[in-house]
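Under numbering that gives the first Met the number 0, the first residue of the sequence shown carries the number 0, and numbering increases by one thereafter. Backbone N, C-alpha and C define an ideal beta-carbon position, used for all residues, glycine too. Being a predicted model, the structure only gives us computed values, none of them experimental.
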Amino acid sequence: MHLAQLNIAHLRAPIDSSELADFVALLEPINAIADEAPGFVWRLKESEIDPTATVAHDYGDHLLVNFSVWESLESLWDFVYRSAHLGVLRRRREWFLRMAEPYTVMWWVPEGTIPTLAEAMERLERLRTSGPGPEAFTFKDSYTSSEAASLPAAAEARK
Numbered sequence: 000m001h002l003a004q005l006n007i008a009h010l011r012a013p014i015d016s017s018e019l020a021d022f023v024a025l026l027e028p029i030n031a032i033a034d035e036a037p038g039f040v041w042r043l044k045e046s047e048i049d050p051t052a053t054v055a056h057d058y059g060d061h062l063l064v065n066f067s068v069w070e071s072l073e074s075l076w077d078f079v080y081r082s083a084h085l086g087v088l089r090r091r092r093e094w095f096l097r098m099a100e101p102y103t104v105m106w107w108v109p110e111g112t113i114p115t116l117a118e119a120m121e122r123l124e125r126l127r128t129s130g131p132g133p134e135a136f137t138f139k140d141s142y143t144s145s146e147a148a149s150l151p152a153a154a155e156a157r158k
């Protein structure tokens with residue numbers, strides 16, 4: 000099993016504003032670190048040519064989407080908290096509005112599966128409405144791939 004993750008952020012200003020210039024300048028180097036990180040599998044990109052292009056979607060203006068798949072919870076943890084990404088994460092209040100509801104979600108997917116952004120947003124909504132469980136969780140309240148594989152829906156999908 001692989002780990003899918005989505006996190007969203009409400010930008011304080013339009014992505015092309017001077018207020019977000021430092022953030023935009025960090026996109027390319029941080030995305031490159033993610034792409035080369037041990038355990039990285041895939042991430043949603045708007046453009047293969049422009050590494051600073053943010054993902055276009057229908058979920059609201061000024062909503063930044065980060066969506067990726069990793070080999071394990073540990074590999075994602077290491078990227079988020081043990082790489083240069085941590086310095087960007089520490090500056091998030093400069094660029095993003097504070098969110099009262101969960102803004103990140105993780106879930107297990109079979110190896111070779113790339114979930115859709117619609118599924119990712121559904122998983123986030125499930126976390127918000129039902130709390131953490133094997134179908135939608137966070138670092139703080141994580142579940143193993145074995146727990147996810149034992150769910151009825153996972154068993155049905157394997158048939």
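C-alpha distance - residue i paired with residue j, whole-angstrom precision
i: Ser16; j: Arg89; result: 20 Å
i: Ala135; j: Leu19; result: 30 Å
i: Asp34; j: Arg97; result: 27 Å
i: Ser82; j: Tyr142; result: 23 Å
i: Phe39; j: Ser67; result: 8 Å
i: Ala22; j: Ala12; result: Position check: residue 22 holds Phe in this sequence, whereas Ala was assumed. Roughly 11 Å separates the two Cα atoms.
Residue j beta carbon less than 9 Å from that of residue i
i: Ile113; j: Trp69; result: no
i: His84; j: Leu10; result: no
i: Arg127; j: Ala3; result: no
i: Pro133; j: Ala147; result: yes
Limits of the unbroken alpha helix (DSSP H) element including residue i
i: Met120; result: 116–129
i: Phe66; result: That residue, Phe66, is in no alpha helix (DSSP H); its beta strand (DSSP E) goes 62–69.
i: Asp140; result: Neither: Asp140 is in no alpha helix (DSSP H) and is coded neither H nor E.
Where the beta strand (DSSP E) containing residue i begins and where it ends
i: Thr103; result: 103–108
(message) My parser needs the alpha helix (DSSP H) runs of 4 or more residues fully inside the stretch 4–38; what are they?
(response) 20–35
(message) With three or more beta-carbon pairs closer than 8 Å as the criterion, would you say the stretch 106–122 touches the stretch 79–95?
(response) no
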